[in-house]
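The next block holds one structure in the form of structure tokens; read it before the comments.
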Amino acid sequence: MKTIIEPFRIKTVEPIRMTTVEQRRQLIKDAHYNLFSLKSEDVLIDLLTDSGTGAMSTNQWAALMKGDESYAGSPSYYRFEAAVKDLMPFKHIIPTHQGRAAEHILTFVVADGHGKGKIVPNNTHFDTTRANFEDAEIDARDLVIKEGLDPSLEHPFKGNMDLDKLEALLASEADNIPMVEITITNNAGGGQPVSMANIRGTKAICEKYGKPLIIDSARFAENAYFIKLREEGYRDKSVKEIVREIFSHADGMTMSAKKDTFSNMGGWLAVNNDEWAEKARTRLIMTEGFPTYGGLSGRDMECIATGLEEIIDEDYLQYRIRSIQYINERLDAMGVPVMKPAGGHAIFVDAKRMLPHIPSLQYPAQALAVALYIQGGIRGVEIGSFMFGRQPDGGEKPAAMELVRLAMPRRVYTQAQADYIVEVFENLKNNISDVPGLEVTWEPASLRHFTARLKPLN
Ligand code: F0G
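Heads up: the sequence shown is residues 1 to 458, going by our numbering.
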């Protein structure tokens, strides 16, 4: 069969409140042209993030009832630990309330009281990973391959680490590098996968210099499925075998369970090093909770354990990757400049090319995100000069790229809704040159994109 169907039926539904273009024009004005300030009830298709927004299965809902809320030694922890170790056989599994809490604790351990002068290389640090390292004065270096920085260039593994750059950095700075990290898939670089060969190559360099390799694993199953589809020698392996191999090359991981476990909340830090684990657990008790619950309820840990069994289902992964490719291909065919090939969790639109009449510091990607909302009630997120333009010295600089990310929640939207997204672009394309740029009328001291106010120019 050519048609790939959603491999699930829908038992519970959440009604979407329909709105008109005129209503949305007023709603976004009231929200000062910032999509984070909208009420989610006023959004038709919410593609702000794929984090914590997935639909749980009947088995996950049933697992919630098995949650044991004991402070110490809960059976839910042991089920969670066993489910993680089944895929990622690390010695110490430390639950946290979400991914960034695991990153915070890992940063505390590797900074070891003096982060200044230290460097952590990564293919591309996700925002919170970077923020945690930089907060500890650690230099967070991005070493993705150059193909990964060109949105329109086709390459099967655009998330790969540049191994020559990594080797050169370690050769000159080994004493200052406490760990090396890889992010799978590379979210900040478009949800692009990393190949097994590249993970193996990174590990070989790490071993040469005696450095641990940590994997930021939020979308590990999507990455494993791309390896199965695209990498020589993996076609006949199961996703589970591929996942196990990925983690066999690592010394630890951080995880946001809000992505590839279909859970609304959760995360963990896993390491093999006993000394690191002890420091991490001490910190965990101060900031998250006792080591057998971290920041989580027993029911959350049950939900994650069940989600880990479901996420490696290959019918699900085929549907997941294909549904995003489908939108990407249709937009591409219509001349919308999308990142190619499609990543694992989102469609990225190049607003610099789609709205060439708007200069970077009038935020073309924010302008496009606003226009998508008015036209079709779709909420995406700007990743461009509005998010990154403000400099520490108070000045403003255009970002390298002006993108709108449309992140697809897992198991939530249907094929007709995918077609609707495409149709909204079709309608918008005809009068894209009328879309105005924006100016900021108020902004906070940092992280402005979450709360700043804007208004359209002219
Ligand atoms: N690492 C990656 C690669 C991520 O994409 C995220 C979150 C985190 C770590 C942090 O995990 O949210 O559980 O604290 N990404 C979300 C997003 C927020 O929309 O891309 P968290």
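The C-beta atom is built at its ideal place from N, Cα and C for all residues, glycine as well.
Check: Distance between G99 and S37 (C-alpha atoms, nearest Å); Outcome: 24 Å
Check: Cut-off 8 Å between Cβ atoms - residues of its own chain near D468, not counting five sequence neighbours on either side; Outcome: Within the shown structure, residues of the chain are numbered from 1 to 458, placing residue 468 beyond reach of any answer.
Check: Segment limits, beta strand (DSSP E) that includes P456; Outcome: 453-456
Check: H92 (DSSP reduced to helix, strand or coil); Outcome: strand
Check: Contacts around I28, its chain only, beta-carbon distance under 8 Å, and the 5 residues preceding and following it disregarded; Outcome: L35, L38, V370, Y373, I374
Check: DSSP-derived helix/strand/coil call for N34; Outcome: coil
Check: Rounded distance between the beta-carbons of A224 and I246, thought under 8 Å; Outcome: 6 Å
Check: Distance cut-off 7 Å: A140 Cβ against heavy atoms of the ligand F0G; Outcome: no
Check: Terminal residues of the alpha helix (DSSP H) in which L163 lies; Outcome: 163-173
Check: Any non-hydrogen atom of the ligand F0G within 7 Å of S51 CB; Outcome: yes
Check: heavy atom of the ligand F0G below 7 Å from R200 C-beta; Outcome: no
Check: Proximity winner among G266, G117, V180, K455, relative to G201 (alpha-carbon distances); Outcome: V180
Check: E439 - DSSP class collapsed to helix/strand/coil; Outcome: strand
Check: Under 8 Å between C-beta atoms of R79 and E302; Outcome: yes
Check: Cβ-based burial, N328 [other Cβ within 10 Å; buried from 16]; Outcome: buried
Check: Local Cβ density within 10 Å of R322, reported as buried at 16 or more and exposed below that; Outcome: exposed
Check: Neighbourhood of I93 by C-beta, 7 Å cutoff - its chain only, sequence neighbours within 5 removed; Outcome: E81, V84, K85, W268, A270
Check: Cβ-heavy atom distance, Q375 to the ligand F0G, below 7 Å; Outcome: no
Check: The segment 120-138 touching the segment 165-183, judged by at least three CB pairs closer than 8 Å; Outcome: yes
Check: For F348, the three-state DSSP class (helix, strand or coil); Outcome: strand
Check: V404 beta carbon less than 8 Å from that of W276; Outcome: no
Check: Alpha-carbon to alpha-carbon, G117 and P193; Outcome: 30 Å
Check: Length of the line joining the Cα atoms of L170 and A204; Outcome: 12 Å
Check: Supposed contact pair R411 and F262 - C-beta distance, whole angstroms, cut 8 Å; Outcome: 7 Å
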